[in-house]
Structure formats: C-alpha cells, structure tokens
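Structure record follows, encoded as structure tokens.
Protein chains: 2
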Amino acid sequence: MPQHLIRKLEQFACLAPADKRALEDAAARKVRLFGPHQDIIGEGDEPEHVNLILEGWACRYKQLEDGRRQIISFFLPGDLCDPHVFVLREMDHSIGTITPVRLAEIHRDQILHVTEEHPRITQALWWEMLVTAAIQREWTVNLGQRTGRERIGHLLCELFIRLRGVGLTEGDSCLLPVTQVDLGDATGLSNVHVNRVLQELRASGLIVLRGKRLTIPDLEALQRVALFNLNYLHLYREGPDFDANGSDQPLA
Amino acid sequence: MPQHLIRKLEQFACLAPADKRALEDAAARKVRLFGPHQDIIGEGDEPEHVNLILEGWACRYKQLEDGRRQIISFFLPGDLCDPHVFVLREMDHSIGTITPVRLAEIHRDQILHVTEEHPRITQALWWEMLVTAAIQREWTVNLGQRTGRERIGHLLCELFIRLRGVGLTEGDSCLLPVTQVDLGDATGLSNVHVNRVLQELRASGLIVLRGKRLTIPDLEALQRVALFNLNYLHLYREGPDFDANGSDQPLA
DNA sequence: GACTGGCATTCACGTGTGTGAAATTCTGGT
DNA sequence: ACCAGAATTTCACACACGTGAATGCCAGTC
Numbered sequence: 011m012p013q014h015l016i017r018k019l020e021q022f023a024c025l026a027p028a029d030k031r032a033l034e035d036a037a038a039r040k041v042r043l044f045g046p047h048q049d050i051i052g053e054g055d056e057p058e059h060v061n062l063i064l065e066g067w068a069c070r071y072k073q074l075e076d077g078r079r080q081i082i083s084f085f086l087p088g089d090l091c092d093p094h095v096f097v098l099r100e101m102d103h104s105i106g107t108i109t110p111v112r113l114a115e116i117h118r119d120q121i122l123h124v125t126e127e128h129p130r131i132t133q134a135l136w137w138e139m140l141v142t143a144a145i146q147r148e149w150t151v152n153l154g155q156r157t158g159r160e161r162i163g164h165l166l167c168e169l170f171i172r173l174r175g176v177g178l179t180e181g182d183s184c185l186l187p188v189t190q191v192d193l194g195d196a197t198g199l200s201n202v203h204v205n206r207v208l209q210e211l212r213a214s215g216l217i218v219l220r221g222k223r224l225t226i227p228d229l230e231a232l233q234r235v236a237l238f239n240l241n242y243l244h245l246y247r248e249g250p251d252f253d254a255n256g257s258d259q260p261l262a
Numbered sequence: 011m012p013q014h015l016i017r018k019l020e021q022f023a024c025l026a027p028a029d030k031r032a033l034e035d036a037a038a039r040k041v042r043l044f045g046p047h048q049d050i051i052g053e054g055d056e057p058e059h060v061n062l063i064l065e066g067w068a069c070r071y072k073q074l075e076d077g078r079r080q081i082i083s084f085f086l087p088g089d090l091c092d093p094h095v096f097v098l099r100e101m102d103h104s105i106g107t108i109t110p111v112r113l114a115e116i117h118r119d120q121i122l123h124v125t126e127e128h129p130r131i132t133q134a135l136w137w138e139m140l141v142t143a144a145i146q147r148e149w150t151v152n153l154g155q156r157t158g159r160e161r162i163g164h165l166l167c168e169l170f171i172r173l174r175g176v177g178l179t180e181g182d183s184c185l186l187p188v189t190q191v192d193l194g195d196a197t198g199l200s201n202v203h204v205n206r207v208l209q210e211l212r213a214s215g216l217i218v219l220r221g222k223r224l225t226i227p228d229l230e231a232l233q234r235v236a237l238f239n240l241n242y243l244h245l246y247r248e249g250p251d252f253d254a255n256g257s258d259q260p261l262a
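Heads up: the sequence lines are chains Z and B, in that order.
Residue numbers for the first sequence follow this note's numbering, so the first one is 11 and each next one is one higher.
Residue numbers for the second sequence follow this note's numbering, so the first one is 11 and each next one is one higher.
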C-alpha cells in the first residue's frame, strides 16, 4: 500500500477516496524486494516501468570510469523513480538500494490510465516531478557553493523534512540508514571529512546521531547554519476546494 | 522564429511541416528583448508563461544570503525555461541573462493547444524536459566528483555539443560569451582558479580561447580529459517512420 | 586620443578538504 | 557469547583551491 506516496501527494493536493484507491490499485500489482546495496536498474538498461519505493531507501548514482561515485539523489518511501523514463531509450545512470527495499513496479499503461482518469493525481504527480527537479537544482547549489559543514547540514535538513512529509519522523528524530561513505558520495566529500563535520555538528549540539538514528533538537538552528531555505520544496497546500483547472492538459 | 528550438527537437523527433508551423506560430506572438545581466524572472515571482530563448545566453541561478552565487544551468538559443512552471506557485530561483537576449513569451494555453494538436511535439518536448533533467544530474556529478580542470573541460564539452545541436558552431569553434567569473559560478570554482585551469587547458592545447571565441581542436581529447560521456544528452534520433506510440498520454 | 570600467591575469599566502593507513567500535550471524 | 566484517574514528601529511589585492589589458565612450 502506497500510504507514503499518498501522504506525500496530499502535501500538495487534496485527493478524493477514488484517487487514493486508484493509486493503491496501481501499486499493488507487482511488488518486488531488494536486498541492501543492490542495483534496481543500471546505466545502459532500458527502463520498462516506473518504480515506486514502498519501504526502504535507495539512490540514484553515477560512477565515473575511475571509480569515483556520486549519489545524485536519494529515494525515500513514497518516491517515484522517474514517472516518464520510457521516453528516453536508456538509463544514463543507475538506481541502487541503500537498505533493503520493497517497491512496486508500475507499468506505463497503468500510469497513463490513472492520470487519464484522475486529474488531481495528474496534477499532484506534476508537482512531485517539479519538486524533484527543484531538489536536484538545490543539490547543485549545495555542491557548488556550500562548505562541508553546510552541505551535510543542508542534506540532513532536506532528508528530515522529506521524511516528515511522509510520516516517517518521530518528533525531532528519524532514521538515517546511510553510512558516512554514502553521505560523502552525496555531498562530494571524503568519508574522513564527513566524519570530521559530523563530529563538529554533534559538538555544537546541532544534531544527535547515534547508530542509525538522527535527532535534530533545533531544526531552525540547523537550517540557519546550513543556509537552508525551505522554498524549494514547495510545501504549500492547495485548499480542499482545489479545482484542478486545466489539470488534464497533456504537457502542463 | 524558433529555428533553434526546431533544430534541437529534430535531433530527437521528426517534425512534420505542420508541427513546425505550430511552433513558429506559438513563438511569434510575444517577443521581448533583454539587456545583458538582467533578470528575466526572480526568485519568489509567479511565473506566467514559458520563455523560449530565441537569441543570446541566459542562466538559471540561485544566490545565497551571503552573496555566494551558483549558476544552476545555462540557457542557449532554442532552450525553453520550464515548460510547466505554472504548477508551482512561485519561483525558487532566478533566471537572468548573460548576453542580450531575445525571447518569446509563450502563454500556457498555447503550449496546451500545441501539445494537444501535435503529438510529435509533445513527445519531443518530453524528450527535451528529460534531457534537461539529465543535464542537471550531470552537473551534480560534475560539482561533486570532478576536479577543477575536469569540471571546466566537461562544461565546455557540454556547451559546445549543445550549441552544435542548434547549429551555432562553426567547425570546431563557437562563441562563449561568458566571463571567467560566470564559469566559476557555474563550476563552483573561484575566478582565480578558473583562470589557472583555463591557462592549463590552453597550454596543453586542448582549447583555444581568445576573446569570446572558443575552439576545441580535438573534442574527443577534451572529452577524455574531462571524463565526458555523451550518453546523458540522449542524442539518438528516432527514424522518420517514428510512430509516437502513445504520445498523447497526459503524463508520459 | 585620453578616460573609464570591466575582465583577465598574476602573486603570495592561507586553509578546507583529500589521502592512506591504522586503530577502534559497532553489528549481525551462529 | 563470540567472531568476522563493516563502519567509524583518529592521525599525519599533502595539495587543490580559495582569498584579497595588485597589475595589466582591452573595448567602448565622450
């Protein structure tokens, strides 16, 4: 059941019971399990369906010839891996799991069907696509301009807020099932430096990180340190009276 | 006239004369001129239409509170600035010119109209959107993993190949109307270091850069140095027999 | 033809972050 | 309860890259 997706989309749009049923139906057809550190789809493969993360963490990544690896984005429960990939012939990057993952494979026809019948879902999926793009842009800023400490802080803020959006936080803490190497691959820092930065953030009381549990006692303080501006996540909610004006349009 | 857009889209899809006329028509309604270093739309503004760059260079950028500035992407002639922005309430970044720019403001209704009537254009615009996203991902890799020299080299390769795609190269050279500061803002390097790297690339004969003209005597050599892999631009062409199967779908 | 302002270039110096490796702590499996 | 492998932490040292400022160059402009 795609509760997380539904919950995420409801941050933006008001979904009717029928909309939710349609999503549940689409996500129930084919469920697959992956172990940790396994590829879901590799560079060069031809994508055949959309993957919806039901449980666990995954990431998009790209590996250079000499082994350097960049994590391009994280997939959390409720995230869709490219609701439109089939337009392109082959993947230009890989998607792999971090933790064990349960995901739903959604066939393109189902997507088409659901979006044709449910304009509110179409609208919400557009929103999710555009926010995904905005996140990617923010990562560009993160890697290009922020210092190590800011980068890590920013990433932690983003992950926490995204998890909160799908109901996976408890108060001011959440699970963070990634290694410091992963954090380094995502922020362009060496694992050694990630460690240094984490120590520092801990020492200044901005985060508590023990095992796989992250606690952010004062989110606003961390946001300030990381120059984190919420804008780019576009978390405003259309009212219940929301009229998806023109939401059945093909390209917008 | 949006020759550049048409030329770009034709790298992917085969457009019929009627398709081209529709694009020309949509781009002819409202043309605006901007000087260099002017904002086309700022962070926080509500976008009202899609902008199509007809002539000149622009960029997406984001400025941090303390003044640091990251160029998030470059817009070249033929590029569309967000064919779908109106789903989001407000801009989370700015778009500004680099050189003087001539652009066409396309109203959302026109986009809807064109895509409804012309499935091949819809398909091609999807392709252009996805390639734009792929470019953004590659920038993430660039900033996160590559060294200064590789970053600059990679950026120059990308710009050259994109310009070639819209017919704005002459042999092995093209115009590069950006300052070294701009290059730094795009690659996350200081202007001083950009200068160092450019000297080095010049010294090793990989580029010739005089005034605003860039020449790449041996593109493959530069690609090798920059770990540039063409994949992500998805420059394969569907045959003329291309059947836009299902290209009228709302979300894919 | 001098003046101006924007760029490019160069310099000296500082530092944030990387490297490689070793030591330590955690974790899960049996 | 123990072990093996992973993950974290620490160390010493190197260097890519940043900083601030000065200099030089060129293209417009009056």
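Glycine residues also receive a C-beta, built at the ideal position from the N, C-alpha and C atoms.
In this text, all values refer to a predicted model and were calculated from it rather than measured experimentally.
Under the three-state DSSP convention, the category residue i falls into
i: B:Leu186; result: coil
i: B:Tyr246; result: coil
i: B:Ala68; result: strand
i: Z:Arg99; result: coil
i: B:Ile121; result: helix
i: Z:Ile108; result: coil
i: B:Arg212; result: helix
i: B:Asp195; result: helix
i: Z:Asp76; result: coil
i: Z:Asp89; result: coil
i: Z:Lys30; result: helix
i: B:Glu126; result: helix
i: Z:Arg206; result: helix
Residue i: first and last residue of the uninterrupted beta strand (DSSP E) it sits in
i: Z:Lys40; result: Lys40 to Phe44
i: B:Glu58; result: Element bounds for B:Glu58: n/a, residue is neither H nor E.
i: Z:Ala114; result: Val111 to His117
i: Z:Gln80; result: Arg79 to Phe85
Buried or exposed by the 16-neighbour rule on C-beta atoms within 10 Å, applied to residue i
i: B:Asp35; result: exposed
i: B:His94; result: buried
i: B:Val176; result: buried
i: B:Thr157; result: exposed
i: B:Ala37; result: buried
i: Z:Ser104; result: buried
i: Z:Asp76; result: exposed
i: Z:Arg130; result: buried
i: Z:Leu233; result: The question names Leu, but residue 233 of chain Z in the sequence shown is Gln. Classification of Z:Gln233: buried, given that the 10 Å Cβ count is 16 or more.
i: Z:Lys40; result: exposed
i: B:Arg172; result: buried
i: Z:Gln209; result: exposed
i: Z:Arg159; result: buried
i: Z:Arg118; result: buried
i: Z:Gly215; result: exposed
i: Z:Val202; result: exposed
i: Z:Asp55; result: exposed
i: B:Gly66; result: buried
i: B:Tyr246; result: exposed
Enclosing alpha helix (DSSP H) for residue i [first to last residue]
i: B:Cys167; result: Gly158 to Gly175
i: B:Lys147; result: Per the sequence presented here, residue 147 of chain B reads as Arg, with Lys not at that position. Note, B:Arg147: alpha helix (DSSP H), Pro129 to Gln155.
i: Z:Leu15; result: Gln13 to Leu19
Can you confirm whether the region 11-20 of chain Z touches the region 30-45 of chain Z when touching is taken to mean that 3 or more C-beta pairs between the two stretches lie within less than 8 Å?
yes
Would you check if there are 3 or more beta carbon pairs closer than 8 Å linking the region 122-132 of chain Z to the region 219-227 of chain Z?
no
Contiguous alpha helix (DSSP H) assignments of at least 4 residues, all confined to the region 214-238 of chain B
229-236
For the pair the region 106-116 of chain B and the region 42-57 of chain B, tell me if three or more CB-CB distances fall below 8 Å.
yes
Whether or not the region 186-203 of chain Z and the region 234-245 of chain Z are in contact is what I'm after, with contact meaning three or more pairs of Cβ atoms, one per stretch, closer than 8 Å; do they touch?
no
Count the CB pairs spanning the region 161-180 of chain Z and the region 80-95 of chain B that are closer than 8 Å, and state whether there are at least three.
no
May I ask you to verify whether the region 68-81 of chain B touches the region 183-197 of chain B, counting CB pairs closer than 8 Å and requiring at least 3?
yes
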